[in-house]
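In what follows, a single structure is set out as structure tokens and then discussed.
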Amino acid sequence: MIALKSKYALRALIALARAGPGETLQIGTIAAREAIPKKFLEQILLDLKHAGLVASRRGQHGGYHLLRAPQEIAFGEVLRILEGPFVPLACLANGGHRRCADCRDERLCAVRRVFAKVAAASGEILDGTTLADVLSDPAERPDGERPSIILVKR
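Letter 85 of the sequence shown, counting from 1, is numbered 87 in my numbering, and no numbers are missing.
Set out below in structure tokens:
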């Protein structure tokens with residue numbers, strides 16, 4: 003399960019991506035649109051700023067904007083920034099590896115093998131899904147209309 007902070011961060015980033023290249027959104031606007039507590043959003047955006055995903059502008063027309071194109075920001079990257087590696091078992095963590103107290107031999111642990119597959123599949127989905135992918139989803143259109151299908155004859 004992802005933390006609420008990560009869920010809110012993804013929603014805020016999607017809102018910024020939806021605003022368009024170079025466009026800024028004020029914290030209050032994002033908070034209202036996405037139903038995120040404003041104080042919590044301030045901390046989230048600060049974390050994303052330190053990670054190099056967003057930047058802020060001061061002034062009357064200030065706010066936050068994406069530093070990279072939506073197709074360059076994957077869900078997996080955001081989750082790793084805010085939560086660290088996505089691993090369902092502590093013994094699967096890279097670098098911070100911690101052996102399970104009741105495990106005699108990790109190589110023989112059926113539970114570990116299954117959850118290693120879960121972690122790999124989840125990682126592929128999260129790393130393969132960008133903000134742009136979400137924006138291109140017909141369900142994401144704010145007007146509720148599905149995009150037209152364009153047929154090209156050759």
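C-beta atoms are modelled at their ideal positions from N, C-alpha and C, and glycine is treated no differently.
Check                                                                                                                                                                : Outcome
Any idea what DSSP makes of residue 78, helix, strand or coil?                                                                                                       : helix
Just checking, does the region 55 to 67 make contact with the region 13 to 30 on the three C-beta pairs under 8 Å criterion?                                         : yes
Ends of the alpha helix (DSSP H) at residue 56?                                                                                                                      : From DSSP, residue 56 is part of no alpha helix (DSSP H) but of the beta strand (DSSP E) over 56 to 59.
Taking the continuous alpha helix (DSSP H) assigned at residue 47, which residues delimit it?                                                                        : 40 to 52
Here's a check: name, in chain order, each residue in its chain whose Cβ is nearer than 7 Å to the Cβ of residue 87, leaving out the five neighbours to either side. : 95, 96
Excluding sequence positions up to five away, which residues of its chain have a Cβ less than 7 Å from the Cβ of residue 148?                                        : Note on residue 148: pLDDT 45, under 50, position unreliable in the model; the coordinate value appears next. Correct list, in chain order: 140.
Throw me the rounded Cβ distance for the residue 133 and residue 72 pair, which I believe falls under 8 Å.                                                           : 4 Å
Assuming residue 36 contacts residue 14 under a Cβ cut-off of 8 Å, what Cβ separation, rounded to an integer in Å, is found between them?                            : 6 Å
Smallest Cα separation from residue 82: which of 34, 123, 119, 53?                                                                                                   : 53
Please report how far the alpha carbon of residue 130 lies from the alpha carbon of residue 80, in whole angstroms.                                                  : 12 Å
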